[in-house]
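A.B. asks: Residue numbers (the numbering used here): 17 to 420.
Dropping the structure in here first, questions after.
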């Protein structure tokens, strides 16, 4: 029989899914299959897993690759208090960079993929200071990495919609250009209300653009207390009224992180009823969302890297396994099941949020996984081992933390 060149089959021998007993993982045309499911005509490649732990690759649900200085000379940051000061710092840093934005974004996104990220949602600043350079640059990086990492783009109005003339028009242009899947927003009751005099105007604008172009929304909410909860309820109501269930996300949601008990359950029920998801980035002890409780109430929650060595912070590395570690550290977890929940937030949580199939290592799931030295999931989260192999759609895309 003549082999069928269109059937791509790889057998990863002696691996331990989720740290369990040694077995083989068999990938046929990008999907895991059970024993005995190898096509008779297939040309089979074998990869020795050497007893390594196999874990799903991860999803970065909130990343700002356009702002990064990853791989660039050290940038010394000046004091900043409040979003307006950070925005000024963004512009100063952007103007000081010699490496083109597209190249810097590609460098960071490739590094993330080599550490086991299979998909990401990239928030890209849209403002008169940059025009659409960020959208175009990150979209170009996305094309370079096609087949290695899936990338969704959010046109993000970091400078505000009401307070910065020209932003709304640029968001409209970005939406019409076909490169973005989501329109962003930022603190309509706080930062974007200052000096704008347009209470509710931002949400009118961004929901209107999204509805006209059939896009989703992903809105940053840093405001705490009622200043953050009131817009969140408004977002949920608009989402429900416009039939956008599953297409609207809120990032950070610090006001929710402050809640507990009945107050938390009440806002969770509002979000679940509207189909609004949340992302957290484990910035600090008091900003991590109570993701397990939210999930119990039906709210999808993803995890993200946020900014990586940008004007806002010298920290960050776009490594989602490390971000799972940070979530566990911030929540002061101790039990194996709690550490595994942090890992699953970065894998299943992100996949659910982006509408991807879970890479759960079962037959029928995407052949997207990484091989690492370790004993169990909890120990891998704590020890942060090198990603020896990263597999995407059954193909090895990275070895020893570098793309191949």
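All residues carry an ideal CB built from backbone N, CA and C; glycine is no exception.
These numbers come from a predicted model, not from an experiment.
Residue 418: buried (16+ other C-beta within 10 angstroms of its C-beta) or exposed?
C.D. replies: As a first step, residue 418 must be located in the chain shown, where it is residue number 402. That one is exposed.
A.B. asks: Rounded to a whole number of angstroms, what is the C-alpha to C-alpha distance between residue 210 and residue 178?
C.D. replies: Residue numbering aside, residue 210 sits at position 194 when the chain shown is read from its first letter. Residue numbering aside, residue 178 sits at position 162 when the chain shown is read from its first letter. Low per-residue confidence applies at residue 210: pLDDT is 49, beneath 50, and the placement is therefore not dependable, though the value from the model is reported in the following sentence. So the two alpha carbons sit approximately 9 Å from each other.
A.B. asks: With DSSP as the reference, please indicate the residues paired to residue 139 in a beta bridge.
C.D. replies: If you number the chain shown from 1, residue 139 lands on position 123. DSSP, once it has assigned bridges, lists 170 as partnering residue 139.
A.B. asks: Is it buried or exposed for residue 213, if we count other Cβ within 10 angstroms and need 16 for buried?
C.D. replies: Stepping through the chain shown from its first residue, residue 213 is reached at position 197. Caution is warranted here: a pLDDT of 44 is assigned to residue 213, below 50, making its placement in the model unreliable, and the coordinate value is therefore given only provisionally. So residue 213 ends up on the exposed side.
A.B. asks: Please return the same chain residues whose Cβ sits closer than 6 Å to the Cβ of residue 129, not counting the five positions on each side in sequence.
C.D. replies: Within the chain shown, residue 129 is the residue found at index 113, counting from 1. 164 and 165, listed in sequence order.
A.B. asks: Can you round the beta-carbon distance between residue 109 and residue 327 to whole angstroms, since I take them to be within the 8 Å contact cut?
C.D. replies: Along the chain shown, one-based indexing puts residue 109 at 93. Along the chain shown, one-based indexing puts residue 327 at 311. About 4 Å separates the two Cβ atoms, so the contact holds.
A.B. asks: Per DSSP, what are the beta-bridge partners of residue 48 in this structure?
C.D. replies: The residue labelled residue 48 in the question sits at position 32 within the chain shown. The partner list for residue 48 (beta bridge, DSSP) reads 43.
A.B. asks: Taking the alpha helix (DSSP H) that residue 185 falls in, what are its first and last residues?
C.D. replies: For this step, residue 185 is matched to residue 169 along the chain shown. 183 to 193 is the span of the alpha helix (DSSP H), which, as asked, contains residue 185.
A.B. asks: Extract the residue ranges of the alpha helix (DSSP H) inside the region 99 to 124, only unbroken runs of 4 or more that lie entirely within it.
C.D. replies: With a minimum length of 4 residues, the continuous alpha helix (DSSP H) runs that stay inside the region 99 to 124 are 99 to 112.
A.B. asks: Could you pull the DSSP bridge partners for residue 201 from this structure?
C.D. replies: Numbered from 1 along the chain shown, position 185 holds the residue referred to as residue 201. For residue 201, which the question treats as bridged, DSSP gives the partners 235.
A.B. asks: Taking the Cβ atom as the reference point for each residue, do residue 298 and residue 124 lie within a distance shorter than 7 Å?
C.D. replies: The residue given as residue 298 occupies position 282 in the chain shown. The residue given as residue 124 occupies position 108 in the chain shown. The answer is no: Cβ separation not under 7 Å.
A.B. asks: Would you identify the three-state DSSP class for residue 70, choosing helix, strand or coil?
C.D. replies: Within the chain shown, the letter at position 54 stands for residue 70. DSSP places residue 70 in strand when its eight states are reduced to three.
A.B. asks: Do you know offhand how far residue 55's Cα is from residue 71's?
C.D. replies: Position 39 of the chain shown, counting from 1, holds the residue named residue 55. Position 55 of the chain shown, counting from 1, holds the residue named residue 71. Roughly 25 Å separates the two Cα atoms.
A.B. asks: In whole angstroms, give me the CA-to-CA distance for residue 162 and residue 135.
C.D. replies: The residue given as residue 162 occupies position 146 in the chain shown. The residue given as residue 135 occupies position 119 in the chain shown. Approximately 11 Å, taken between the alpha carbons.
A.B. asks: Rounded to whole angstroms, what is the Cα-Cα separation between residue 278 and residue 314?
C.D. replies: On the chain shown, residue 278 is found 262 positions in, with the first residue counted as 1. On the chain shown, residue 314 is found 298 positions in, with the first residue counted as 1. Approximately 15 Å, taken between the alpha carbons.
A.B. asks: Going along the chain, which unbroken runs of the beta strand (DSSP E) with 3 or more residues stay wholly within the region 288 to 367?
C.D. replies: Those beta strand (DSSP E) runs which fall completely within the region 288 to 367 and span 3+ residues are 292 to 296 and 317 to 319.
A.B. asks: Which of the three DSSP states is assigned to residue 91 in this structure?
C.D. replies: Reading the chain shown from its first residue, position 75 is the one you call residue 91. Residue state, collapsed to three classes: coil.
A.B. asks: I need the DSSP call for residue 18, collapsed to helix, strand or coil.
C.D. replies: As a working note, residue 18 is residue 2 in the chain shown. The predicted model places residue 18 with a pLDDT of 36, which falls under 50 and marks its position as unreliable; any figure quoted below should be read in that light. Reduced to three states, the DSSP call for residue 18 is coil.
A.B. asks: Measure the CB-CB distance between residue 342 and residue 397 and report whether it falls below 7 Å.
C.D. replies: In the chain shown, counting from the first residue as 1, residue 342 sits at position 326. In the chain shown, counting from the first residue as 1, residue 397 sits at position 381. No, the pair does not count as a contact, with Cβ atoms beyond the cut-off.
A.B. asks: Determine the contact status of residue 187 and residue 225, defining contact as a CB-CB distance below 7 Å.
C.D. replies: Start at 1 with the first residue of the chain shown, and residue 187 comes out as number 171. Start at 1 with the first residue of the chain shown, and residue 225 comes out as number 209. Taking 7 Å as the Cβ cut-off, residue 187 and residue 225 qualify as a contacting pair.
A.B. asks: Kindly list the residues whose CB is nearer than 7 Å to the CB of residue 66, restricted to its own chain and excluding five residues on each side of it in sequence; keep chain order.
C.D. replies: Sequence index remark: in the chain shown, residue 66 carries index 50 (1-based). The answer, listed in chain order, is 30.
A.B. asks: I believe residue 405 touches residue 387 by the beta-carbon criterion, under 8 Å. Please report the beta-carbon distance rounded to the nearest angstrom.
C.D. replies: Here residue 405 is taken as the residue at index 389 of the chain shown, counted from 1. Here residue 387 is taken as the residue at index 371 of the chain shown, counted from 1. Right, the Cβ-Cβ distance comes to about 4 Å (below 8 Å), so this counts as a contact.
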